[in-house]
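Residue numbers for the sequence shown follow this note's numbering, so the first one is 60 and each next one is one higher. Beta carbons are placed, not taken as given, at the ideal position from N, Cα and C, and that holds for glycine. These numbers were taken from a predicted model, which means no experiment stands behind them. Working notes, structure below.
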Amino acid sequence: MASTERLLLSGNEAVALAALHAGVTLGTGYPGTPSTEILEAFDHMGGPAQWAPNEKVALEVALGVSFAGARSLTTMKHVGVNVAADPLFTAAYIDMTGGLVLVSADDPGMASSQNEQDNRHYARAAIVPMLEPADAQQAYDFTLAAFELSERWKVPVILRMTTRICHAKTEVHPGPERPSSIQPGYERDIPGRVMIPAYARPAHHKVRAKMEEIAQWNEQSDLNQIHPGDRSLGIITSGVAVMHAREAAPEATILALGLTWPLPMKRIKEFVESVDRCVVIEEGDHLLYEALKVAGLDVEGKPEMYRFSELNVPRVRRILAGDTTPEAKPPRGKPPELCKGCSHREVFEALSRMDCIVAGDIGCYTLGVLPPFEAMDTCVCMGAAIGVGLGLRHVLPEDQARRVVSVIGDSTFVHSGLTGIAEMVYNPPPTGHVVLIVDNSTTAMTGRQEHPGTGRSLNHEPANKMDFGAVCRAMGVKNVEVVDPQKPGEDFEGRLRAMLEKDELSVMIAERPCILAAPLIRKFEKAQEEKQAQCSAAMTD
60 MASTERLLLS GNEAVALAAL HAGVTLGTGY PGTPSTEILE AFDHMGGPAQ WAPNEKVALE
120 VALGVSFAGA RSLTTMKHVG VNVAADPLFT AAYIDMTGGL VLVSADDPGM ASSQNEQDNR
180 HYARAAIVPM LEPADAQQAY DFTLAAFELS ERWKVPVILR MTTRICHAKT EVHPGPERPS
240 SIQPGYERDI PGRVMIPAYA RPAHHKVRAK MEEIAQWNEQ SDLNQIHPGD RSLGIITSGV
300 AVMHAREAAP EATILALGLT WPLPMKRIKE FVESVDRCVV IEEGDHLLYE ALKVAGLDVE
360 GKPEMYRFSE LNVPRVRRIL AGDTTPEAKP PRGKPPELCK GCSHREVFEA LSRMDCIVAG
420 DIGCYTLGVL PPFEAMDTCV CMGAAIGVGL GLRHVLPEDQ ARRVVSVIGD STFVHSGLTG
480 IAEMVYNPPP TGHVVLIVDN STTAMTGRQE HPGTGRSLNH EPANKMDFGA VCRAMGVKNV
540 EVVDPQKPGE DFEGRLRAML EKDELSVMIA ERPCILAAPL IRKFEKAQEE KQAQCSAAMT
600 D
């Protein structure tokens, strides 16, 4: 019997609820807008969830859960899939046991990202199925379907969300719980899980055969829907573009694809032949259009100018009208800036005064590039600050090389900074190098999530804490100092100048909690103290 329960959920919350109803044994991920709320909501609903140091580790943990016969969910933003790509591409070759769903939350328009990346390419390149929901109801339904697809064909499945789906709230009618019938337990399967070339070669043929089976299944799948209308205009679309197309052209006949890789080509061909004019409306790259043209189908794509940023209803109307006149510029919003009371403004003021060449990284401190500081010269991706800084040091004349500082945040350092330290120790530049870890005791950019350096788990309970100074010393860095950049007696700037003059490797850890996180941290610490006091009292009694 269908449920009569009605909930108003964001797409992220709908995925979390579906994961709970699917009986997910462990949710793993790394915080990244717009995906962060999925695991937080899953934890709030009672599901077991944890932050991993980075997306690669998160997926590897999820793989282990699947190999043990249980369902796992791993979440990340689009650029995070780049970090997880190494295990993902081989995971496709390996038979999953428990269902494994990877949520890729894409950010078209770059509201909070360093590039505009269309992760539909990953489904084709990694040879895995991809589902794209168009609203929160489908986010719920498709998450459940993804686990069942994963277990039926023993493959990882990507659920691709975009910003509007992640954060927009729509009505959701949850169904009954649909847990896996598989019981956790380990069964040895060396040829199936150890991808040496002898086993990987047949596995490649096997995964291609699986995708062909899934493509045949997709021809009749109810994950794809036709919204009937006037046959003079047909639209093929997916994801949030389904909603834009339905509103922009309510009279049109629309094929809304849900399982967008592998494509149901026979069904698409029949649709194209059933309408007078067929337009492909897709957000991001021309991936779907190009696939249909290669198949010889008579479809229209969008002009190149609409490849960039998000689609919306007016833009879809322009695409359908073939309008390539310049678009009106959006109104200017408030320019981004470091928080007025940021605990690390002094760091960027000092770097600016010292005219340092700053190899920067990803995080809220990337805003140090903007006036009045303008204290950042490069920013590539998570963890790149150290490698880029080393490259500059190797080549620049000595007077310039001594001005180079790699600046990286605490969460980012854990995410992918450790290998940069290893490179620094292994291949030191002649002038040495200075890495500045800006430690604000949280993952501030994505909403103040925990990480292995905070000493608290995803739900803010106490956890083992990573000691950055001890790790750097153990890896071979001779000079490691911890300072409070706002404490006058600590002479942050003077100590940094002294490090830059040495021909040695140095790491300075600038510690001061994020001003927005500090009250919460005190609250968590007080709760822990009270809990410990209660335990002590109980033991005394």
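Beta-ladder partner(s) of residue i, from DSSP
{"i": "H286", "result": "I313"}
{"i": "W212", "result": "Paired residue(s): none; W212 is not in a bridge."}
{"i": "D165", "result": "T221"}
{"i": "W320", "result": "M189"}
{"i": "V464", "result": "V417"}
{"i": "N538", "result": "S565"}
{"i": "S69", "result": "K228"}
{"i": "D498", "result": "E570"}
Residue i, buried or exposed, once every other Cβ within 10 Å from all chains shown has been counted against 16
{"i": "M598", "result": "exposed"}
{"i": "A409", "result": "buried"}
{"i": "F367", "result": "exposed"}
{"i": "V463", "result": "buried"}
{"i": "Y424", "result": "buried"}
{"i": "I480", "result": "buried"}
{"i": "T63", "result": "exposed"}
{"i": "G106", "result": "buried"}
{"i": "R374", "result": "buried"}
Option in the options with minimal Cα separation from residue i
{"i": "L76", "options": "E560, V447, T478 and Y199", "result": "Y199"}
{"i": "P93", "options": "V140, Q196 and H226", "result": "H226"}
{"i": "G251", "options": "M155, I217, P390 and E386", "result": "M155"}
{"i": "Q508", "options": "L575, T133 and C531", "result": "L575"}
{"i": "V494", "options": "M525, T505 and G446", "result": "G446"}
{"i": "S240", "options": "V83, A164, A144 and L426", "result": "V83"}
{"i": "F330", "options": "P321, E369, E278 and V372", "result": "E278"}
{"i": "R183", "options": "N174, M270, M104 and P192", "result": "M270"}
{"i": "Q545", "options": "R404, A304 and V358", "result": "R404"}
{"i": "T505", "options": "G422, L322 and A81", "result": "G422"}
{"i": "G234", "options": "H80, E396 and V541", "result": "H80"}
{"i": "E230", "options": "L68, P385, L477 and S163", "result": "L68"}
Simplified DSSP assignment, three categories, for residue i
{"i": "L370", "result": "coil"}
{"i": "L79", "result": "helix"}
{"i": "M626", "result": "Here the chain comprises residues numbered 60 to 600, so residue 626 is not present and cannot be evaluated."}
{"i": "N113", "result": "coil"}
{"i": "K228", "result": "strand"}
{"i": "S411", "result": "helix"}
{"i": "A108", "result": "strand"}
{"i": "H54", "result": "Coverage of the chain is limited to positions 60 through 600, which leaves residue 54 absent and any answer about it impossible."}
{"i": "V338", "result": "strand"}
{"i": "A444", "result": "helix"}
{"i": "I294", "result": "strand"}
{"i": "G548", "result": "helix"}
{"i": "I241", "result": "coil"}
{"i": "E570", "result": "strand"}
{"i": "R247", "result": "coil"}
Same chain, Cβ closer than 7 Å to residue i, five either side skipped, listed in chain order
{"i": "A111", "result": "T87, G88, Y89, A117 and V120"}
{"i": "V439", "result": "V447"}
{"i": "Y485", "result": "none"}
{"i": "Q593", "result": "none"}
{"i": "Y258", "result": "P250"}
{"i": "L318", "result": "P188, L190, N277, S280, L282 and N283"}
Beta-carbon contacts of residue i that lie in its chain and below 8 Å, excluding the five residues immediately before and after
{"i": "K537", "result": "E563, L564 and S565"}
{"i": "K517", "result": "This sequence places Leu at residue 517; Lys is not what is there. So the qualifying residues of the chain are L98, E99, D102, A108, Q109, W110, Q508 and E509."}
{"i": "I224", "result": "G70, P192, A193, D194, A195, A198, G298 and V299"}
{"i": "V216", "result": "G158, L159, V160, L161, V187, P188, M189, L190, A205, F206, L208 and S209"}
Same chain only: Cβ atoms within 6 Å of residue i, ignoring 5 sequence neighbours per side
{"i": "V266", "result": "A151, Y152 and I186"}
{"i": "E560", "result": "none"}
{"i": "I651", "result": "As displayed, the chain neither begins before 60 nor continues past 600, which places residue 651 out of reach and without an answer."}
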